Amino acid sequence: MDAGAAGTPGEGTAVVIGGGISGLLAAREFARAGVRTTVLEAGEAWGGCVGSHAVAGLTLDSGAESFATRTAAVADLAAELGLAGEIVAPNPGGAWVQLPDGPRELPKTGVLGIPASPWDPEVRRSLGLLGSLRASVDAVLPASLGTAAGATSVSALVRRRMGRRVLDRLVAPVVGGVHSADPSALDVDMVAPGLRAGIRQHGSLAAAVAAQRRGAATAMAGPSGPAGTAGTAQAAGLQKAGSAVAGLRGGMHTLVAALLADLRQRGVTLLPRTPARSVRRTADGWRVATDQTTFDAGLLVVAVEGPAAVGLLEESLPELAGHRPDAGPDVSLVTLVVDLPALDAAPRGTGVLVAPQSPGVQAKALTHATAKWAWLAEQAGPGRHVLRLSYGRSAAPGAVTPRAMPESRGGGLATAPRSDDELFRAALADASALLAVPVGAGDVADWDVVRWAGALPFASLGHRQRVAAVRSICAADGTLAVVGGWLSGNGLAAIVADTPQQVRRLLP
Ligand SMILES: Cc1cc2nc3c(=O)[nH]c(=O)nc-3n(C[C@H](O)[C@H](O)[C@H](O)COP(=O)(O)OP(=O)(O)OC[C@H]3O[C@@H](n4cnc5c(N)ncnc54)[C@H](O)[C@@H]3O)c2cc1C
97 MDAGAAGTPG EGTAVVIGGG ISGLLAAREF ARAGVRTTVL EAGEAWGGCV
147 GSHAVAGLTL DSGAESFATR TAAVADLAAE LGLAGEIVAP NPGGAWVQLP
197 DGPRELPKTG VLGIPASPWD PEVRRSLGLL GSLRASVDAV LPASLGTAAG
247 ATSVSALVRR RMGRRVLDRL VAPVVGGVHS ADPSALDVDM VAPGLRAGIR
297 QHGSLAAAVA AQRRGAATAM AGPSGPAGTA GTAQAAGLQK AGSAVAGLRG
347 GMHTLVAALL ADLRQRGVTL LPRTPARSVR RTADGWRVAT DQTTFDAGLL
397 VVAVEGPAAV GLLEESLPEL AGHRPDAGPD VSLVTLVVDL PALDAAPRGT
447 GVLVAPQSPG VQAKALTHAT AKWAWLAEQA GPGRHVLRLS YGRSAAPGAV
497 TPRAMPESRG GGLATAPRSD DELFRAALAD ASALLAVPVG AGDVADWDVV
547 RWAGALPFAS LGHRQRVAAV RSICAADGTL AVVGGWLSGN GLAAIVADTP
597 QQVRRLLP
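First residue of the sequence shown? That's 97 in our numbering, and the numbers climb one at a time after it.
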């Protein structure tokens, strides 16, 4: 036992379980308040899903590769960490969607694929005249349609207000690409927060989407973020240029590197390869047991994926047992670095999202990373391209393997090829089909497969209420917070905004 590693129990000490982005942010908040903090991370690497890997000599993101600019949260964090000058917009050309009847440019003005205007020429091309007509009915429907019920799925809301074609041809490919899930399984309030309130306020779904897109730039200059920082200004500029996401020159993993440097400088103890095995309430705080030792601290933050978080806490808080979330879908990413000057023209813009019914393609999305990010094209050099294909889509809650611990990454995919070789072959075939350029094994300079088992939190119907229940059970104690994408909503923007708030509640 080594209770000293986390300090003497009391409010001046904290243990954070999980070294993903949420755990690192929680540690930073504690350290800024003068709390002696120890972070326990099960794996070798820090940052969780904001990881990196080397392929053909390039250091690439192995998970998250951009952040939403709907708020200034990530841009401001980057600025605080000295990365304001590294915030970059993706190529404005935008992405494509692969539909059963062929590829189309994806409209650029939507939220989750839901269009702000059914008559926008790109939307009209994707939906056809009848599809756009049906979508425009949304404007005359009562604002209560789809907003009255306690919880609604993405598909129920979109189908009822804008019709089947918007759902199948625009929303399902985007939701599949971002959340690896079917829109009928996802709680709209988790994956598009504020959208239903926007319908009540602005009268229609299209108007709510337009307001969210417009509002982002205003929010960034307004009171929600520390207005005037270099990050805010950068992100506001990107918003004005119509970009819903941004990245960092060098990749999103550079944010983790900067965060780690900041934590080290603040004296935070960072312990990799140290999985927490159990958590117990003590008279004056919390005791966390690992394989080798125990850590005692007055304050505890659990920053691991949902099922694992509930698993760790339910011995101390048995009421949590009934609120265990569904595990996220397993996702495999295949990265191909290819020498193919035919791709210099970026035939499908920044990449392709695949509608679930599209025949002959197993991938759910392809990112043409060197077309999306100018800095990466420069690093890769002439004629060399980075393609990232993702596999694994969960059709319904419960259809996936839970990720109990990071060591278990590599779990099977119900709907996708399994072995690395199978994934590689599928990626070559899918890249050829999606880019309309033959991509053969001979063109590949290097490739890699990264598996994220259960890493995308599954925001199934009613998840928002589950989050509220979990948080109220944990808050009752006053010394415990639970953070991470499964609670704040998937994605860096939501986590970066939420985590400091949760930690501040524990501070005097
Ligand atoms: C392939 C992929 C692509 C993505 N792309 C984007 C994107 O472009 N933009 C975006 O905004 N978001 C993206 N996301 C989502 C985003 O990366 C996640 O929402 C976010 O990184 C989750 O952070 P987290 O801290 O909640 O959890 P995680 O990153 O899952 O971190 C949890 C950490 O806890 C550790 N852990 C688990 N159990 C224990 C234990 N018992 N003891 C100690 N440590 C433990 C894990 O090893 C892990 O490091 C992507 C996600 C994936 C998987």
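Each residue gets a CB set at the ideal place from its N, CA and C atoms; glycine is no exception. Please read these numbers as outputs of a predicted model, since none were measured by experiment.
Taking 8 angstroms as the cut-off, decide whether the C-beta atoms of residue 449 and residue 202 are in contact.
yes
Can you find a heavy atom of ligand 1 that lies under 7 angstroms from the Cβ of residue 606?
Here the chain has residues from 97 to 604 only, and residue 606 is not among them.
Residues in its own chain within less than 6 angstroms of residue 597 by CB, not counting five upstream and five downstream?
none
Inter-residue Cα distance where the pair is residue 109 and residue 372:
17 angstroms
Looking at ligand 1, does it come within less than 7 angstroms of residue 346, judged from the CB to the closest heavy atom?
no
Nearest-angstrom Cα distance between residue 516 and residue 269?
24 angstroms
Can you tell me which residues form a DSSP beta bridge with residue 431?
484 and 544
Using the C-alpha atoms, what's the distance from residue 190 back to residue 404?
Approximately 37 angstroms between the Cα atoms of the pair.
On a CA-only basis, which of 231, 296 and 282 is nearest residue 244? Give me that one, please.
Closest option to residue 244, judged by alpha-carbon separation, among 231, 296 and 282: 296.
Ends of the beta strand (DSSP E) at residue 137?
Per DSSP, residue 137 lies in no beta strand (DSSP E) segment and is marked neither H nor E.
Host alpha helix (DSSP H) of residue 124 (start-end)
117 to 128
Residue 215 - DSSP class collapsed to helix/strand/coil
coil
Three-state class that DSSP yields for residue 366 in the structure shown:
strand
Could you tell me the boundaries of the beta strand (DSSP E) in which residue 149 lies?
Note, residue 149: beta strand (DSSP E), 148 to 151.
Quick one, are the C-beta atoms of residue 592 and residue 366 less than 8 angstroms apart?
No, the pair does not count as a contact, with Cβ atoms beyond the cut-off.
Round the Cβ separation of residue 281 and residue 426 to the nearest angstrom and send it over; I've been treating them as touching at under 8 angstroms.
Contact doesn't hold; Cβ gap of about 15 angstroms is too wide.
For residue 410, does the three-state DSSP call read helix, strand or coil?
coil
Does the distance from the CB of residue 439 to the CB of residue 533 come in under 8 angstroms?
yes
Should residue 372 be counted as a contact of ligand 1 given a C-beta to heavy atom distance under 7 angstroms?
yes
Should residue 240 be listed as close to ligand 1, given that the test is whether its C-beta is under 7 angstroms from any heavy atom?
Every heavy atom of ligand 1 is 7 angstroms or more from the Cβ of residue 240, so no.
Would you say the beta carbon of residue 113 is closer than 7 angstroms to some non-hydrogen atom of ligand 1?
The answer is yes for residue 113.
Classify residue 577 as helix, strand or coil using the three-state DSSP reduction.
strand
Classification of residue 411 by the beta-carbon crowding that lies within 10 angstroms, buried from 16 upward:
exposed
Where residue 276 falls: helix, strand or coil (DSSP):
Residue state, collapsed to three classes: coil.
In whole angstroms, give me the CA-to-CA distance for residue 406 and residue 157.
29 angstroms
Put residue 458 into one of helix, strand or coil per three-state DSSP.
Per DSSP, reduced to three states, the secondary structure at residue 458 is coil, with no helix or strand assignment.
For residue 409, collect the residues of the same chain with a Cβ closer than 7 angstroms to its Cβ; drop the 5 residues on either side in sequence, then sort them by chain order.
375, 398 and 416
For residue 586, is the beta carbon positioned less than 7 angstroms from some heavy atom of ligand 1?
The answer is yes for residue 586.
For residue 138, verify whether its CB is less than 7 angstroms away from any heavy atom of ligand 1.
yes
Does at least one heavy atom of ligand 1 sit under 7 angstroms from the Cβ of residue 161?
yes
Rounding to the nearest angstrom, what Cα-Cα distance links residue 285 and residue 357 in this structure?
35 angstroms
Is it buried or exposed for residue 361, if we count other Cβ within 10 angstroms and need 16 for buried?
Residue 361 is exposed by the Cβ-count criterion.
Just to check my reading of the structure: residue 479 and residue 289 have Cβ atoms closer than 8 angstroms, yes? What is that Cβ distance to the nearest angstrom?
So it is not a contact: roughly 42 angstroms between Cβ atoms.
Reducing DSSP to helix, strand and coil, say where residue 324 ends up.
Bear in mind that a pLDDT of 45 at residue 324, under 50, signals an unreliable position, so the number given afterwards is only what the model happens to contain. In this structure, residue 324 counts as coil in the three-state DSSP scheme.
So if DSSP puts residue 183 in a beta bridge, which residue, or which two residues, is it bridged to?
344
Could you work out which residue in 424, 180 and 445 is closest to residue 344 when comparing CA atoms only?
180
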